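Peer 1: Mind the numbering: the sequence shown is residues -22 to -1, 1 to 260 in mature numbering (1 follows the signal peptide of the UniProt record, and there is no 0), read in order.
Built from N, CA and C at the ideal position, the CB exists for glycine as well.
It should be emphasised that the depicted structure is a prediction, and the values quoted were computed from it without experimental measurement.
Can you keep this structure in mind? I'll have questions shortly.
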Amino acid sequence: FVFDKQINSLFIRFLLLSDSFALPSPVHPVTVVSTVGSEVVLPCCWKSQLDEAANSIHHIQWVTPPHTVFEQRGEEKWQAAEFGGRLRILEERLGSGDCSLVIKDVQIRDTGKYESFMVVEAVRSKRTRVFLQSVKLSVTDNKSWQSHRPGEDFVIDLWTPYSLTVVFLGKNSSEWSLLWMKEDEQTSERLEKSPRGDKLTLKNLQFSDEGIYKVLDEQGVSVSTIQLSVEGEGPASPPDDEGIDWFGFCYDVETDSCLKEKLSVHLRAGVLYIKMKDIYLY
């Protein structure tokens, strides 16, 4: 606790004594795209703005405007509590100019704009912030399509320790049902959790298991979406993305291509039946 108080005191004094200015930011920030559970790097290089002589002690600050999320000055470090210790800078590369921010186990809530600064010493014990880089981070859930035969096993990756529940929407159902919850490991007799706790296995698949599976985090946000097909005559071909709704519902008849195609098939079949009937009568 003493160390934390010292760090917080240092951070407060920095805010009181600092004069801030920023060089013009890029018109378009660097864009980084990732999926939940991955490790992502937000690029930054301080040598593009400052020379090495002005930074004997490297003082890096990362901000999601207007809040500071990470700060490091020499061996002293601080990061916002909501990141749960998931932020770090590669210290071995800092001296060569690399001040990139590494976010471990990235979450959808981490999505946003990040800005990096180098804090440099100025006259009369004042410090100045020099703008370095702006990064736009976009995090999405993991999406996949799987096909299995009856009797096979189906593996569900939980992706992150923040995963709390797995819900299921059957092929012919309109309501989601709870398949697994972190606090209740015995939701289903056919469901097994891996020794490391990072995967679930649904054993002995049945036709009724076909549908959509979603892994949700503690806030009910989607970690992953899996569309499962169970077919007895071998694996099916992945569905075309066009006209497919990840939530298992068709769109409006006016715009849904897959539904139009189904109607077209039925119409062609009806015409063929009428023609065959006429031939039979003659």
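From S141, G62 and A59, pick the residue whose C-alpha is nearest to that of K177; which is it?
Peer 2: Here residue 177 is taken as the residue at index 199 of the sequence shown, counted from 1. With distances taken between Cα atoms, K177 lies closest to S141.
Peer 1: Count the other CB atoms, across all protein chains shown, that sit within 10 Å of the CB of V133; report buried if there are 16 or more and exposed otherwise.
Peer 2: The sequence position of residue 133 within the sequence shown is 155, counting from 1. By the 10 Å Cβ count, V133 comes out exposed.
Peer 1: Within the same chain, show all residues whose beta-carbon is closer than 8 Å to that of L169, passing over the 5 residues directly before and after it, in chain order.
Peer 2: Walking along the sequence shown from the start, residue 169 turns up at place 191. Correct list, in chain order: L157, W158, L178, T179, L180 and K181.
Peer 1: Taking the C-alpha atoms as reference points, what is the distance between D195 and V201?
Peer 2: Numbered from its first residue, the sequence shown carries residue 195 at position 217. Numbered from its first residue, the sequence shown carries residue 201 at position 223. Computed Cα separation, rounded: 6 Å.
Peer 1: Hey, how far is the Cα of R64 from the Cα of E188?
Peer 2: Taking the sequence shown and counting its residues from 1, the one referred to as residue 64 is at position 86. Taking the sequence shown and counting its residues from 1, the one referred to as residue 188 is at position 210. When rounded, the distance between both Cα atoms is 36 Å.
Peer 1: Excluding five sequence neighbours on each side, which residues of the same chain lie with their C-beta closer than 6 Å to the C-beta of G52?
Peer 2: Mapped onto the sequence shown, residue 52 falls at position 74. Once the five neighbours on either side are set aside, the close Cβ partners of G52 are I35.
Peer 1: From K55, I190, S186 and T13, pick the residue whose C-alpha is nearest to that of residue 271; which is it?
Peer 2: Residue numbering for the chain in the displayed model covers -22 to 260; residue 271 lies beyond these limits and cannot be assessed.
Peer 1: Taking all protein chains shown into account, do 16 or more other C-beta atoms lie within 10 angstroms of the C-beta of E232, making it buried, or fewer, making it exposed?
Peer 2: Here residue 232 refers to the residue found at position 254 of the sequence shown. Only weak support is given to the placement of E232: the predicted model assigns it a pLDDT of 37, under 50, and the value that follows is read from those uncertain coordinates. Result: exposed.
Peer 1: Where does V47 land, buried or exposed, given buried means 16+ other C-beta within 10 angstroms?
Peer 2: Looking up residue 47 in the sequence shown gives position 69. Its Cβ being crowded by 16 or more others within 10 Å, V47 is buried.
Peer 1: With DSSP as the reference, label W24 as helix, strand or coil.
Peer 2: Against the sequence shown, residue 24 aligns to sequence position 46. Residue state, collapsed to three classes: helix.
Peer 1: Below 8 Å on the Cβ atoms is my contact criterion, and I expect V117 with V199 to pass it. Report the Cβ-Cβ distance as a whole number of Å.
Peer 2: As a first step, residue 117 must be located in the sequence shown, where it is residue number 139. As a first step, residue 199 must be located in the sequence shown, where it is residue number 221. Incorrect: roughly 10 Å between the Cβ atoms, too far for contact.
Peer 1: Could you check where the beta strand (DSSP E) with E170 kicks off and where it finishes?
Peer 2: Stepping through the sequence shown from its first residue, residue 170 is reached at position 192. From DSSP, the beta strand (DSSP E) with E170 extends over L169 to K171.
Peer 1: Sorted by chain position, which residues of the same chain lie with C-beta nearer than 6 Å to R66's C-beta, five sequence neighbours on each side aside?
Peer 2: The count along the sequence shown starts at 1 and reaches residue 66 at position 88. Cβ neighbours of R66 beyond the five flanking positions: V80.
Peer 1: Consult DSSP for L206 and reduce its assignment to one of helix, strand or coil.
Peer 2: Locating residue 206 in the sequence shown gives position 228, counting from the first residue. Note: L206 maps to strand in three-state DSSP.
Peer 1: Relative to the C-alpha of E93, which residue among S155, G210, T42 and W24 is closest?
Peer 2: Within the sequence shown, residue 93 is the residue found at index 115, counting from 1. Nearest option by C-alpha distance: T42.
Peer 1: According to DSSP, is L157 part of a helix, a strand, or is it coil?
Peer 2: Within the sequence shown, residue 157 is the residue found at index 179, counting from 1. L157 falls in the strand class under three-state DSSP.
Peer 1: Under the DSSP definition of a beta bridge, which residues are partnered with L79?
Peer 2: Translated into the one-based positions of the sequence shown, residue 79 becomes position 101. For L79, which the question treats as bridged, DSSP gives the partners L20 and I67.
Peer 1: By DSSP, does R51 sit in helix, in strand, or in coil?
Peer 2: Numbered from 1 along the sequence shown, position 73 holds the residue referred to as residue 51. Of the three classes helix, strand and coil, the one that applies to R51 here is strand, per DSSP.
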